[in-house]
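What follows is a short report on a single structure.
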DNA sequence: CGGGGGGTTTGATCCATGTCAACCGCAGCG
DNA sequence: CGCTGCGGTTGACATGGATCAAACCCCCCG
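Residue numbers (our numbering), protein chains in the order written: chain F, 12 to 258; chain B, 12 to 258.
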């Protein structure tokens, strides 16, 4: 888990993993830390890893030792039931943390798969705990991140428990749009990294239903879809669908 | 939020809130702490409160300052959508923590309502953070508790996203049974504290569907239902239903 | 002891979404 | 450059659970 042999041998100046010069620091763990505190966090995070599209970052059941911060790319997490059913529990993008579910049992409880070529920082958990005993701001921010995950999950439960298909998809698109915006991308135009089936799994729908809902939104002029490319044309319209609870 | 005036005036020896003599300590925050560490945790938890059946412990939007440990009783948490829809996000019993979702925004994100007369310990959050900077075991255990909440939520997402009505109810009953067992109650006989409607809300079903599923289980000899009283007759049978994924 | 009301059960019907199947279209590869 | 195959779209039909409605049961209260 240290620098690659090749890099060592050739003395290639390896880009140092450093929160302090990461452009995602406002979205990620270092949020709110002073320069000096961030330097200490940097010390702890010295492994970066590339994960190619389709590869697993970790699998359910593996021993948990690190959480991961996504530097670039896009992931999904999913859980598998004994009988073969599975469900996507989330999609994660740059600046978000992966692996928090592993803390509870010291084993990962889900699979994390890259949906495009990605890069992550390893954050050894016991060292993170150690540092967060010393840096209050880090501790507090970490707690907020975990709590936010819980709130997010409640939102998904709400979606799965009370919304109809088109409401779910509208909520999903608006959520993506908002997260892309926070990362400086266009809020109205992006490429989906996941298939219709993966969207469906996340939203508790079949892929055909997802596809039909996309078509319907397009007919109504709310979005323009072309395969994985999405343009959002009418954000208020989508919001209205989300809360249009007709029945 | 301190001792009641009456108690003060009459110098009634008020039962001290003390984790060290709470019979739920193995299920609650103090898990794994030494005597001395537990004593320090005791210092921090000096407010207990009774919450009558039907009363709110907190409401969505209120400022967050404490988490709560349930000493006795039974709660539900629910979230409300703007359009009036709501969903029960969980049922909590003795030894479990309430309020973790409030950390992220420093405001509670859901309502917590007592489903029977209950008693909770206030755990001021900033002091908990302070203490967990000093006691590693406390810090680690707290992280595990938050992580467990995330894992639990993923389980509910799975349930809502992939299971059919009877599977959901079977999973729900088995979960309750298991939690009652962990608290030393019968695993096969208990009283539901919530209505059919609340169960339905939690499981993403209508109350009629919940009622029908109960009746079906009874016909098949899996359980005996009489109003809120449940006897579980065939745990393996229920487990089989849960994973019988026929379609 | 006789209402009254909230919670529950049960039946009849409807509808959103699942299922099955055919076809399309783009991307990757020989 | 034309297969080949995966992912996506669309249609026809099936069905699980929602909806609407009625009746029931138990508990509380007068």
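In this text, a Cβ means the ideal position worked out from N, Cα and C, and glycines have one as well. These numbers come from a predicted model, not from an experiment.
Chain F within 8 Å of residue i, Cβ atoms only
i: residue 168(B); result: yes
i: residue 158(B); result: yes
i: residue 93(B); result: yes
i: residue 251(B); result: no
i: residue 90(B); result: yes
i: residue 144(B); result: yes
i: residue 172(B); result: yes
i: residue 96(B); result: yes
i: residue 140(B); result: yes
i: residue 103(B); result: no
i: residue 229(B); result: no
i: residue 192(B); result: no
i: residue 238(B); result: no
i: residue 165(B); result: yes
Exposed unless 16 or more other CB atoms sit within 10 angstroms - verdict on residue i
i: residue 232(B); result: exposed
i: residue 45(B); result: exposed
i: residue 165(B); result: buried
i: residue 237(F); result: exposed
i: residue 107(F); result: buried
i: residue 16(F); result: Confidence at residue 16(F) is low in this model, with a pLDDT of 49, below 50, so its placement is unreliable and no value can be given for it.
i: residue 137(B); result: exposed
Cβ-based neighbour list, residue i, same chain, cut-off 6 Å, excluding 5 preceding and 5 following
i: residue 13(B); result: Model confidence at residue 13(B) stands at a pLDDT of 47, short of 50, so the residue's coordinates are unreliable and nothing is read from them.
i: residue 119(B); result: 69, 71, 73, 75, 113
i: residue 88(B); result: 100, 101, 121, 123
i: residue 213(F); result: 99
i: residue 221(B); result: 207, 210, 211
i: residue 30(B); result: 36, 41, 49, 52, 53
i: residue 60(B); result: 131
Residues near residue i by beta carbon distance below 7 Å, same chain, minus five either side
i: residue 111(B); result: 78, 157, 160
i: residue 218(B); result: 207, 208, 211
i: residue 67(B); result: 122, 123, 124
i: residue 127(F); result: 64, 84, 85, 204
DSSP bridge partner residues for residue i (one or two, in chain order)
i: residue 133(F); result: 58(F), 79(F)
i: residue 118(B); result: 74(B)
i: residue 90(F); result: 98(F)
i: residue 69(F); result: 123(F)
i: residue 237(F); result: 240(F)
Contact check, residue i vs residue j, beta carbons under 8 Å
i: residue 215(B); j: residue 172(F); result: yes
i: residue 105(B); j: residue 177(B); result: no
i: residue 285(F); j: residue 142(F); result: With chain F running from 12 to 258 in the structure shown, residue 285(F) is simply not present.
i: residue 200(B); j: residue 154(F); result: no
i: residue 146(F); j: residue 80(F); result: no
i: residue 125(B); j: residue 183(B); result: no
i: residue 180(F); j: residue 169(B); result: no
i: residue 129(F); j: residue 58(F); result: no
i: residue 185(B); j: residue 250(B); result: yes
i: residue 203(F); j: residue 241(F); result: yes
i: residue 38(B); j: residue 193(B); result: yes
i: residue 132(F); j: residue 82(F); result: yes
i: residue 43(B); j: residue 152(B); result: yes
Interface flag, residue i vs chain B, CB-CB below 8 Å
i: residue 124(F); result: no
i: residue 162(F); result: yes
i: residue 180(F); result: no
i: residue 215(F); result: yes
i: residue 112(F); result: yes
i: residue 254(F); result: yes
i: residue 198(F); result: no
i: residue 155(F); result: yes
i: residue 115(F); result: yes
i: residue 121(F); result: yes
i: residue 73(F); result: no
i: residue 150(F); result: yes
i: residue 220(F); result: no
i: residue 189(F); result: no
Proximal residues to residue i (C-beta, below 8 Å), its chain only, five neighbours per side dropped
i: residue 188(B); result: 198, 199, 201, 243, 246
i: residue 96(B); result: none
i: residue 55(B); result: 134, 135, 138, 139, 142
i: residue 116(F); result: 75
i: residue 174(F); result: 182, 253
i: residue 281(B); result: Nothing about residue 281(B) can be read from this structure; chain B reaches only from 12 to 258.
i: residue 150(B); result: 143, 144
i: residue 196(F); result: none
i: residue 229(F); result: 235, 236
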